[in-house]
Structure formats: structure tokens, C-alpha cells
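One gets this note's numbering by counting positions in the sequence shown from 1 and adding 9 to each. All remarks here apply to the structure that follows.
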Amino acid sequence: MFLNGTHKINLTEEKETLLITLYAKALDSHSKHPILHDNKAEEILQKIDYDFEKINHFGNEIMVLRAKQLDTWLQEFLKKKPEATVLNLGCGLDTRISRINPPSTASWFDVDFPEVIELRKLFFSNQEGYEMISSSVTELTWLDQIPRNKPVMIIAEGMLEYLTKDEVKKLLNRLTRYFPHGQIAFDVMNSFAINSGKERLKETTGAVHKWIVNDIQDVDRLNSKLKRISAFSVFKSKYVHKLPLKVRLIYAAMTVFPSLRNMMRLLLYRF
10 MFLNGTHKIN
20 LTEEKETLLI
30 TLYAKALDSH
40 SKHPILHDNK
50 AEEILQKIDY
60 DFEKINHFGN
70 EIMVLRAKQL
80 DTWLQEFLKK
90 KPEATVLNLG
100 CGLDTRISRI
110 NPPSTASWFD
120 VDFPEVIELR
130 KLFFSNQEGY
140 EMISSSVTEL
150 TWLDQIPRNK
160 PVMIIAEGML
170 EYLTKDEVKK
180 LLNRLTRYFP
190 HGQIAFDVMN
200 SFAINSGKER
210 LKETTGAVHK
220 WIVNDIQDVD
230 RLNSKLKRIS
240 AFSVFKSKYV
250 HKLPLKVRLI
260 YAAMTVFPSL
270 RNMMRLLLYR
280 F
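Okay, structure coming up:
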């Protein structure tokens, strides 16, 4: 479906997983009923030299539904607070800024490892209201570059599961101390999801999931400033009806069993 491009990828472990999400979003743009309409993801994919056939296709729709819900929460936040700061953690080659098209009054920061940002700069450039920051998210010294006098919306898509619980707690504590108020949205995976996919993930990229969440209240207890607004299974997204019939039937069956229904949940908190 996609031709190999000219940009050779030399990323490892969790950094390489950015290609999995990019591929899912590009495939969605080719589907009969696109959910994200992410033409930018398709454009980037065509320029990359990588064996996308080794990626497990089963999770593609899950990643698209996840991205759509995070987009929706961000759009709702920006509608109420157009002057806000957007912080996209572990951005990879995420094209959210192209999909959202934020107001000119907003400030947007994409943060990821230096080698990831180096790759990202082949397809995006810093401009008024948009900046890419080269740093491991967990180093936290990068945070001093972000203005703190505006409400903030923090997105961590497909990232926190690669951190340990202690690293997640430290990150949340630092963010809620630095910013006076805002919201944070991210996804979590339960033990069934992580155990069922760990061998394929390790074989494909060498990455390992570390943070497992079986009980959402465990997340609530990580930081007393965080107040949960929403939590729901990605398999119950209102956009499931746009997926192929076979996938819809599988998802319907999965929602019957808690361990399957809660494989991936999306959480939104305010502070």
C-alpha cells in the first residue's frame, strides 16, 4: 500500500514504537470511513524507509480510536481556553498539531528524545506558537522552557506505559507543581494487554511496557492534586461504528469481559 521512502530509520526500543502509531494513522486515512483523516501521517510515511509489514495490524484501530479521543479532549479544552499551552509528551512523529490546527493564541510544545526530534525536524519546523524540545521526558529540566502563566493541556499518548510507576509518579508530581492549573490526558494498559502483546512488541522493536494499571484508583492515588474527569475503555468509543464489521464484532465481544474491555483505557484529569 505504501512505498518505501528515502529516510532510513535507526531508532530502537520505545523510540521505534513511534512508527507503529504513525502507520496506524496513515492506514486510517486510506480506510473506507476514516476517523482521523490524517493526511499528514500518510505524507510522512511515504518518505520513510522502514519495514512496516512486520508491525502487528491488530492494534491499528485501537491506536486510531485513542488518538481521536485525545484530539477531542484537546479540542474541547482549546475551545474554552484558546490562549492555553499544549504540551505533547513523547510526541514521536505525531501529527496532532496538523489535525487540531490550534488557534494562533495557543502555544504548542512537542517533547521527545533528541534523536526523535532530529527525525521529526525532517517533517516539521519550529514556528510562531510551535516548538519542538529535544529531551527525555523524564529528565524534567526541559520543563523550565515552558511558560507557566497559562492554563495547560498535557497529552501523553502511548508513552507512560514505557515508564516505571515511580517515574510516572515523579513526572505527574513535577507537572502539577510547575503548572498552576490545567488538564492531563493519557492512556493506560492492564496486565492482560501488556502480557498478551509483550513478545511481539519486544521482537518488533525491543521495547518493554513497564507500567501496568489494573485498577484506575491506583492512578488516582499517585497525585492528590489530580481529579479524574473521565475514564473509559477505548473499545467503547463512539467511533467504533466506522470500523470494519469484523473489527466491530470483535470489539463487541471484548466489552463483555472486564479483562478485555479494560485492556486500554483513556484517562482525563484536571488539577
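For glycine and all other residues, C-beta sits at the position ideal for the given N, C-alpha and C. Predicted model, so just to flag it, every value in this text is computed and none were measured.
Taking residue i as the reference, which of the options has the closest Cα?
i	options	result
Glu148	Leu180, Ile106, Arg237 and Ser239	Leu180
Glu92	Leu83, Pro123 and Thr114	Thr114
Pro123	Ile221, Gly138 and Ser143	Ser143
Asp227	Pro111, Val95, Asn199 and Leu252	Asn199
Ser246	Gly99, His46 and Arg270	Arg270
Leu131	Ile53, Asn182 and Glu70	Ile53
Leu184	Leu20, Val95 and Ile106	Val95
Val161	Arg279, Ile109 and Ile71	Arg279
Lys174	Tyr260, Asn223, Glu140 and Glu127	Asn223
Ser242	Lys251, Leu235, Ser205 and Pro267	Pro267
Ile193	Met272, Leu276 and Ala76	Leu276
Ser116	Asn135, Leu28, Leu27 and Asn48	Asn135
Tyr187	Gly68, Ser145 and Pro156	Pro156
Pro112	Leu102, Lys89 and Ala35	Lys89
Kindly indicate which three-state DSSP category residue i falls into: helix, strand or coil?
i	result
Gly68	helix
Thr264	coil
Thr81	helix
Ser113	coil
Ser107	helix
Leu149	coil
Tyr171	helix
Ile155	coil
Phe61	helix
Ile44	coil
Phe280	coil
Leu12	The pLDDT assigned to Leu12 is 44, lower than 50, so where the model puts this residue is not dependable, and the model offers no usable value.
Phe122	coil
Between which two residues does the alpha helix (DSSP H) harbouring residue i extend?
i	result
Asn281	Coverage of the chain is limited to positions 10 through 280, which leaves residue 281 absent and any answer about it impossible.
Ala50	Asn48 to Leu54
On the DSSP letters alone, give me the boundaries of the beta strand (DSSP E) that residue i sits inside.
i	result
Asn135	Counting along the chain, Asn135 falls outside any beta strand (DSSP E), and DSSP gives it neither H nor E.
Tyr32	Segment Leu27 to His39 is the alpha helix (DSSP H) holding Tyr32; no beta strand (DSSP E) there.
Ile18	Per DSSP, Ile18 belongs to no beta strand (DSSP E) and is neither H nor E.
Leu98	Thr94 to Leu98
Ile163	Val161 to Ala165
Measure the alpha-carbon distance for residue i versus residue j and round it to whole angstroms.
i	j	result
Ser239	Phe195	11 Å
Glu62	Asp37	16 Å
Leu87	Thr104	17 Å
Val73	Val265	22 Å
Ser7	Ile57	Nothing can be reported for residue 7: it is not among the residues displayed for the chain, which extend from 10 to 280.
Glu170	Gly138	29 Å
Phe233	Asn158	It is Ser, not Phe, that sits at residue 233 in the sequence shown. So the alpha carbons of these two residues sit roughly 22 Å apart.
Phe176	Arg237	In the sequence as presented, Phe is not what sits at residue 176; that position holds Glu. Distance between the alpha carbons of Glu176 and Arg237: 20 Å.
Leu31	Glu23	14 Å
Asn19	Asp121	15 Å
Val256	Gly191	35 Å
Leu98	Gln55	24 Å
Ile164	Leu79	7 Å
Leu12	Ser107	Below a pLDDT of 50, predicted positions are generally treated as unreliable, and Leu12, at 44, falls in that range; the measurement from the model is reported next regardless. Each residue's Cα considered, the two are about 23 Å apart.
Phe133	Trp82	23 Å
Ala262	Phe244	10 Å
Arg274	Ile225	9 Å
Ala50	Lys77	14 Å
Gly167	Gly215	16 Å
What ranges does the alpha helix (DSSP H) occupy inside the region 196-276, keeping only unbroken runs of at least 4 residues that lie completely in it?
200-214, 225-229, 254-263 and 267-270
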